[in-house]
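So in our numbering, the last one in the sequence shown is 216, and the numbering has no gaps at all.
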Amino acid sequence: MAAKADYIAVIDSGVGGISVLRELVRLMPNERFLYYGDSANAPYGKRTSEEVKKLTLSAVEKMMTHNLKALVLACNTATSVAVRTLREKYPDLIVIGIEPAVKPAVDQFPGGKIGVMATDVTLGEEKFNTLLQRFAGCADIVKIPAPGLVELVEAGLANSPEMDAFLESLLAPYKGKLDALVLGCTHYPFAAAAIRRVLGDKTALIDGGVGTAQQT
Ligand code: DGL
Numbered sequence: 001m002a003a004k005a006d007y008i009a010v011i012d013s014g015v016g017g018i019s020v021l022r023e024l025v026r027l028m029p030n031e032r033f034l035y036y037g038d039s040a041n042a043p044y045g046k047r048t049s050e051e052v053k054k055l056t057l058s059a060v061e062k063m064m065t066h067n068l069k070a071l072v073l074a075c076n077t078a079t080s081v082a083v084r085t086l087r088e089k090y091p092d093l094i095v096i097g098i099e100p101a102v103k104p105a106v107d108q109f110p111g112g113k114i115g116v117m118a119t120d121v122t123l124g125e126e127k128f129n130t131l132l133q134r135f136a137g138c139a140d141i142v143k144i145p146a147p148g149l150v151e152l153v154e155a156g157l158a159n160s161p162e163m164d165a166f167l168e169s170l171l172a173p174y175k176g177k178l179d180a181l182v183l184g185c186t187h188y189p190f191a192a193a194a195i196r197r198v199l200g201d202k203t204a205l206i207d208g209g210v211g212t213a214q215q216t
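Laid out in structure tokens, this is it:
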């Protein structure tokens, strides 16, 4: 009889976590992955923290019916509100969260101007603001909420005139002004080409997916 498979579960509010999954598969091609995208309830970023926590716990419960060796919370929004509770609730499970890649950005551009684009929930949560305080003296860091971006990615419009128009109006004030833009939501890497079209290639785009995969 074949041995029971141990999966690495990857969870997001929708398709965004696939940007993390692709890094996980690249690094660990022999692992077995289970992906859960809660697109029916996306975007999480527009919900209250309590709602996001409830939805995340319920998604994890569904995954726990499988044999898991690890859980990757491939959602900055869900991580910011639920990672601590999940670690308490499942002490024997390895839980890896994702947070906006502020540290790698500051390491690359000490003293630079860094934008952090993320959902309203992520930018408002204590977890992110603690991170921000840690690096506040090391660079000029500005929060850039992007309500509406996740919806475009969920609708399959990551590379579309609608996305270009959305990003043009959101990012116009930052053109030529940022050393780096942290993509603090796992949906955003899918819009990286469109972001480049607006910001040009002098701003580095920094995505936490690779670091999360390495940590896993
Ligand atoms: N992909 C999620 C993140 O990393 C959030 C998207 C949403 O608002 O649902 O923050």
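No residue lacks a Cβ here, since even glycine has one placed at the ideal position from N, Cα and C.
Residue i versus residue j - alpha carbon distance
| i | j | result |
| --- | --- | --- |
| VAL121 | ALA213 | 23 Å |
| TYR174 | MET64 | 43 Å |
| PHE33 | ALA155 | 24 Å |
| GLY37 | ASN30 | 22 Å |
| ASP140 | ALA9 | 36 Å |
| LYS177 | LYS143 | 14 Å |
| ASP207 | ALA118 | 11 Å |
| GLY115 | ALA105 | 9 Å |
| PRO147 | ALA158 | 14 Å |
| TYR7 | ASN67 | 6 Å |
| GLY112 | ALA101 | 15 Å |
| PHE166 | ASP92 | 43 Å |
| ASP107 | ASP179 | 12 Å |
| PRO43 | GLU151 | 7 Å |
| GLN133 | ILE94 | 27 Å |
| ASN129 | ARG26 | 31 Å |
| PRO189 | LEU183 | 7 Å |
| PHE135 | ALA191 | 26 Å |
| LEU171 | MET163 | 12 Å |
| GLU50 | VAL20 | 24 Å |
| GLU99 | LYS46 | 18 Å |
| LEU123 | LEU131 | 10 Å |
Cβ neighbours of residue i in the same chain (closer than 6 Å, five flanking residues each side left out)
| i | result |
| --- | --- |
| LYS127 | SER80 |
| GLU168 | VAL198 |
| GLY16 | THR186 and HIS187 |
| LYS202 | none |
DSSP-derived helix/strand/coil call for residue i
| i | result |
| --- | --- |
| PRO145 | strand |
| GLY137 | coil |
| ALA204 | strand |
| ILE114 | strand |
| VAL210 | helix |
| ARG197 | helix |
Contacting residues, own chain, Cβ-Cβ under 8 Å from residue i (five flanking each side not counted)
| i | result |
| --- | --- |
| VAL210 | GLU23 |
| THR85 | LYS53 and LEU57 |
Own chain, CB closer than 7 Å to residue i, minus 5 neighbours either side, in chain order
| i | result |
| --- | --- |
| VAL60 | ILE11, LEU71 and LEU86 |
| LEU39 | The sequence as given places Ser at residue 39; Leu does not occur at that position. So the list reads GLY14, VAL15 and GLU154, once near-sequence residues are dropped. |
| GLY97 | LEU73, THR79 and VAL83 |
| GLU125 | SER49, SER80 and VAL81 |
Quick one: which unbroken beta strand (DSSP E) runs of 3-plus residues sit fully inside the region 152-181? Chain order, please.
-> none
Output the residues surrounding the ligand DGL, defined as those with a CB atom closer than 6 Å to any ligand heavy atom, in chain order.
-> ASP12, SER13, GLY14, GLY16, ALA42, PRO43, TYR44, GLY45, CYS75, ASN76, THR77, THR119, THR122, VAL150, CYS185, THR186 and HIS187
What residue ranges within the region 7-42 form continuous beta strand (DSSP E) runs of no fewer than 3 residues, ordered along the chain?
-> 7-12 and 32-37
Within the region 46-125, ranges of the beta strand (DSSP E) (whole runs, at least 3 residues) = 68-73, 94-96 and 113-118
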